[in-house]
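In what follows, a structure is listed as structure tokens, so that the remarks can point back to it.
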Ligand SMILES: *Cc1c(COP(=O)(O)O)cnc(C)c1O
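Numbering (my numbering), first residue to last: 2 to 246.
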């Protein structure tokens, strides 16, 4: 692992602290308890050294969008007892087994087949090691864009309304605003995700406490609409890592 200059580590710690403050302010502005919002530090842009510095700055929830990067970091950095991993990007079914070893929360369940594959693998783990059910979020395509991943609100309603498979625990909904969507437009999309969640809870009685939405550019709007998990990447690395190439 390469070394990281002290100045860069200090800057990363400053960035983390300012994100913590801004998230708390956004929660307060929304009349919410700052502790009701979990900040996931997205480390997909950075190597193991910088990822370790994110942890040193105080972040205990790490988000990766590629399963193999999650397990490589988890295996080389031995962080599993220190951090909660979050998988926030597409999961191929042949990668389920290895990623589950690191007990991630999976935000990016984007098909019924993937949900079933995670449930099957989890059941094997349950019987072998008495592992707990895997916590997952259903990713909704709220912007309606073809380019965005996620399931339609109709499909999600159908899944939650049917018998969910054994081995998983659906804890909420994950949403992303459409490409380039900011401000009020992003907020309207987050509101739609929250409304979907509220409707599903009242129609099915299934508790869906978590709303994973909001990134560096739109976490305030997401928190205003009830986000309980925000996924913050690029803001952490300003002045630390050049992400433009
Ligand atoms: C990269 C990524 C983020 C972080 O985005 P930033 O704009 O860098 O904060 C959040 N969520 C998902 C799913 C991502 O892929």
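Positions of the beta carbon are idealized from the N, C-alpha and C atoms, including for glycine. Everything numeric in this text was worked out from a predicted model, so none of it was measured.
TODO: Flag this pair as yes or no: are the beta carbons of residue 108 and residue 80 separated by less than 8 Å?
DONE: Position 107 of the chain shown holds residue 108. Position 79 of the chain shown holds residue 80. Not closer than 8 Å, so no.
- [ ] Pick helix, strand or coil for residue 203, following the three-state DSSP scheme.
- [x] To locate residue 203, count along the chain shown from 1; it is residue 202. DSSP places residue 203 in helix when its eight states are reduced to three.
Open item on the list: According to DSSP, simplified to helix, strand and coil, what is residue 216?
Closed with: On the chain shown, position 215 is the one that residue 216 refers to. Residue 216 sits in coil when the DSSP states are folded into three classes, being neither helix nor strand.
- [ ] Whole angstroms is fine: what's the gap from residue 206's alpha carbon to residue 96's?
- [x] For the purposes of this step, residue 206 is identified with residue 205 of the chain shown, where counting begins at 1. For the purposes of this step, residue 96 is identified with residue 95 of the chain shown, where counting begins at 1. If you take the alpha carbons of residue 206 and residue 96, they lie about 32 Å apart.
Open item on the list: At 4 residues or longer, what runs of the alpha helix (DSSP H) sit wholly inside the region 86 to 160?
Closed with: List check, alpha helix (DSSP H) in window: 97 to 101 and 113 to 130.
- [ ] Check whether the Cβ atoms of residue 78 and residue 53 sit closer than 8 Å, and answer yes or no.
- [x] What you label residue 78 is simply residue 77 of the chain shown in a count that begins at 1. What you label residue 53 is simply residue 52 of the chain shown in a count that begins at 1. Yes, Cβ-Cβ distance for residue 78 and residue 53 is below 8 Å.
TODO: Using three-state DSSP, classify residue 165 as helix, strand or coil.
DONE: Mapped onto the chain shown, residue 165 falls at position 164. Here residue 165 sits in coil by DSSP.
TODO: Measure the C-alpha to C-alpha separation of residue 265 and residue 245 and round it to an integer number of angstroms.
DONE: This structure gives no information on residue 265, because the portion of the chain shown stretches from 2 to 246.
Task: Assigned exposure category for residue 129 - 16 Cβ within 10 Å defines buried - done: Taking the first residue of the chain shown as 1, we reach residue 129 at position 128. So residue 129 counts as exposed.
TODO: Measure the C-alpha to C-alpha separation of residue 140 and residue 189 and round it to an integer number of angstroms.
DONE: What you label residue 140 is simply residue 139 of the chain shown in a count that begins at 1. What you label residue 189 is simply residue 188 of the chain shown in a count that begins at 1. Cα-Cα distance, rounded: 17 Å.
Task: Chain-order list of residues whose beta-carbon lies under 8 Å from that of residue 55 (same chain, five-residue window excluded) - done: For the purposes of this step, residue 55 is taken as residue 54 along the chain shown, with counting starting at 1. Sequence-distant partners of residue 55 (beyond 5 residues in either direction) whose C-beta falls short of 8 Å from its own C-beta, in its chain, are 13, 17, 42, 44, 47, 63 and 237.
Open item on the list: As a quick exercise: from 219, 203, 19 and 73, pick the residue whose alpha carbon is nearest that of residue 183.
Closed with: Here residue 183 refers to the residue found at position 182 of the chain shown. Out of 219, 203, 19 and 73, 219 has the C-alpha closest to the C-alpha of residue 183.
Open item on the list: For residue 2, which residues in the same chain have their Cβ closer than 7 Å to its Cβ, ignoring the five residues on either side in sequence?
Closed with: Translated into positions along the chain shown, residue 2 becomes position 1. A caution first: residue 2 carries a pLDDT of 45, below 50, which makes its placement in the model too unreliable to give a value.
Open item on the list: Please state whether the Cβ-Cβ distance between residue 191 and residue 226 is less than 8 Å.
Closed with: Working through the chain shown from its first residue, we reach residue 191 at position 190. Working through the chain shown from its first residue, we reach residue 226 at position 225. Judged by their CB atoms, residue 191 and residue 226 are nearer to each other than the 8 Å cut-off.
Task: residue 187 in three-state terms, based on DSSP - done: On the chain shown, position 186 is the one that residue 187 refers to. Helix, per DSSP.
Task: From 29, 23 and 9, residue whose alpha carbon lies closest to that of residue 239 - done: Indexing the chain shown from 1 puts residue 239 at position 238. Nearest Cα to residue 239 within the set 29, 23 and 9: 9.
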